[in-house]
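Data first, discussion second: the structure below is written as structure tokens.
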Amino acid sequence: MHTMTSSDPVAAVNQLSLDHINDETPMGANLLPSGYGATFKVWAPAARQLELFWQFERDTAGTWAHLQAGRLARLAGGIWAGFVPGLTAGDRYMFHVTGPEGGTAGEKRDPYARDLSDDPMWPDCHCLLHDPTLFPWHDGNWRPPPFHELVIYQLHIGTWKIRAGRHHGNFLDIIEMLPYLKSLNINAIQPLPVVEFPTMFSLGYNGVDYFSPETDYGVTSDDPMLADYLRSINDRMLAIDPELDPYEPEDIQGTANQFRMMVDMCHIYGIAVLLDVVYNHAGGDFGDRSIYFFDRQPYGNQNDSLYFTDHGWAGGLVFAYWKNEVQQYLIDNAGYYLLDCHCDGFRYDEVSVIKNEGGEHGWTFCRHVTDTCHYVKPEAVHIAECWPVEQAVVSPTFSGGAGFDAIQNDGLRDAVRSAIGQAAGGSGAVVDMERIARELNSPRLRDGWRAVQCAENHDIVRRDRGPRIAALADSSDSRSWYGRSRSRVAMGLVATSVGIPHLFMGQEILEDKQWHDEPGSPFQIWWEGLESDRAMQDFLRFTRDLLAARRELPALRAGGCNIFHAHNGNRILAMHRWVEWQGMDVVMVASLNESTFYGYELGFPLSGVWREIFNSDAYDNWVNPACSGNGGSITAYGRPLHNLPVSATLVIPANSILLFAR
């Protein structure tokens, strides 16, 4: 090997050895133990030559150049490989690919790069060798909640909570908000996609570097605030367990480490991390150094782009599922985040695109990725977004299904949003409570707990799309009694339904603005309102207590469900929840009527005293001095009613959620 620049003739570059290379050598760049060196494997079947550049230095003019280069050897199946001794974590590298006749030559980032440099900034960055064994994990005793006990909080790293003095949010900002999330009584966060994307601001669905966390979500090593973040995490956040060792300065260096630190700290606070992964398409503006036309075939037919088809989706290209290597790349990506990054599962974006565009190959990929992930980490959950919702997506692979554990559900979401909008039409409007009743147990699924239930998510309440619940409840004044009380009903219906509740960031504090992915826009969450806005303060308390009730009442997390009363005229709905063979019965009553009912007769599943353990009316100007209710309990001893053996007479407050338990 010799010192050279990228302008040197390729014939002068020495061949790298194949030491430590075999069929089991993983793809990408992988460090060997004890600083012995690194192996490199990459797939480029049409390339004429593939070199590795390393030992990058910057000259006095600020231009980066590599000082070392070597040719990789071509193996079977279009694989190129080589070994370089002496390389260590943090070293920079790039591939230089020479295409076939008519193609081009130039640098490419490693499709498996675990971290990217922040100087120079993306897309002119370098790949960094990463050693996952060096990160000091604290989560050895962590186990994620069972699937049916999940309560998911969806957020966008760049815009959810921006620290004072910062331009946008990052992984370390999430850590500083963990006490807030823990107090909210959620037990899982679902960040929008976090892999490297081309634009500075994005929802994340245009990713191009699938193994590298978004560098804009990291704090650079030369940022003076990095030391402040480290002190805050060590002194304040780790104080939850004084036996935990503090992080060292080297542990917080680099975006990949900061992402791991976020996952690690979430686990310390009892919160699972479910990544939003985009395996249906990639990119938009790929950039010449990306996986786009990786083996440098002539630009033109998108089917020659190696990883992709000529079918577009969401501004990018659909993956070529008919190629085993592409399927394996995505399966490797999922395994990497589960095992090396300790993530607890995934939300798979638009599985319907994989199924429809990929045909039998797309369906096969779904089965392969879920089977593999269930094998390597059985406790991880796999949630599909697939429209229309269908049972086959969550059926096991041995019966021909796709093998996902849960699926996003639009049935209850649309029914609740429709009813809230109808109620906003006034006391004379027709409100379809029967539609909500039909959807509370997700009739399109055999197991209702597999439905992920929401009233808001990133798609529904984006700018120029649908309103947030608070604005839908009262478009003229989201802080009015109508806006507050109807929003409580919407949250209550989601939280007590059969399935996995899902909140969107800001929903818990009555945020009424649509959201946008650009920090600093007028669409940011109004956190400052928690200091002055009584409606926001009360709604946060309501959400915390409602989710605590869900956690404390096993029936609200179980499968037993009987919606025994739905009356459109009265705008009343009632549901019985229980644990199979154990009881632990709960009755939920929901009203979207603008007037309080006194003496409303409802069927009950068992006679005797039922405690009124939750009344949403109490949270209006907490503690509501004019709260209507049942004095803490009711007694069911009346005639059979609503196909139940006994009945009781209730006070049902206007626009409310009530919970009764034995």
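Note that this note's numbering has the sequence shown beginning at 169, numbered continuously upward. For glycine and all other residues, C-beta sits at the position ideal for the given N, C-alpha and C. Predicted model, so just to flag it, every value in this text is computed and none were measured.
| Query | Result |
| --- | --- |
| Rounded straight-line distance, which links the Cα of I740 to that of R606 | 14 Å |
| Cβ pair F427, C293 closer than 8 Å | no |
| Residue range of the unbroken alpha helix (DSSP H) whose run includes N492 | 492-503 |
| K350, enclosing alpha helix (DSSP H) - first and last residue | 346-352 |
| Cβ shell of Y385 (< 7 Å), same chain only, five flanking positions each side left out | I325, G326, N338, F339, V362, T423 |
| Local conformation of L818 per DSSP, three classes | strand |
| Sequence-distant residues of its chain with Cβ nearer than 8 Å to G728 (five each side left out) | H744, R745, W746, V747, E748 |
| Strand pairing of M262, partner residues [DSSP] | F221 |
| Sequence-distant residues of its chain with Cβ nearer than 7 Å to G438 (five each side left out) | K350, N355 |
| Which of helix, strand or coil DSSP assigns to G333 | coil |
| Start and end residues, alpha helix (DSSP H) containing G480 | From DSSP, G480 is part of no alpha helix (DSSP H) but of the beta strand (DSSP E) over 476-481. |
| Per-residue DSSP class, three states only, for M368 | coil |
| Backbone CA spacing between L698 and G674 [nearest angstrom] | 11 Å |
| Status (buried if at least 16 other CB within 10 Å, exposed otherwise) for Y805 | exposed |
| N-terminal and C-terminal residue of the beta strand (DSSP E) that Y321 is part of | 320-323 |
| Exposure label - R226; buried when at least 16 CB within 10 Å | exposed |
| Proximity to Q421 [Cα-Cα], best of G513, S801, P304, A488 | P304 |
| Cβ contact (3+ pairs, closer than 8 Å) linking the segment 376-391 and the segment 467-479 | no |
| Length at least 3, wholly inside the segment 196-244: the beta strand (DSSP E) runs in chain order | 196-199, 205-211, 217-226, 232-239 |
| Residue nearest to S796 in terms of C-alpha spacing, selected from Y766, L809, S775, W481 | Y766 |
| Secondary structure of Y373, DSSP reduced to three states | coil |
| Neighbour-count burial assignment, V777, 16 or more Cβ in a 10 Å radius | exposed |
| W310, DSSP secondary structure in three states | coil |
| Alpha helix (DSSP H) segment containing I604, residue limits | 601-607 |
| Contacts around A212, its chain only, beta-carbon distance under 7 Å, and the 5 residues preceding and following it disregarded | L218, G246, W248, V265, F462, D463 |
| Where the beta strand (DSSP E) through H550 begins and ends | 549-552 |
| Nearest-angstrom beta carbon gap, F782 and A717 [assumed within contact, 8 Å] | 5 Å |
| Proximity of W683 and V620 at Cβ, strictly below 8 Å | no |
| Alpha-carbon to alpha-carbon, V755 and D685 | 40 Å |
| Buried/exposed call for P312, threshold 16 Cβ in 10 Å | buried |
| Beta-carbon contacts of R725 that lie in its chain and below 6 Å, excluding the five residues immediately before and after | H316, E317 |
| CA nearest to the CA of P194, picked from F263, Y280, A214 | Y280 |
| For M289, the three-state DSSP class (helix, strand or coil) | coil |
| Local Cβ density within 10 Å of N823, reported as buried at 16 or more and exposed below that | buried |
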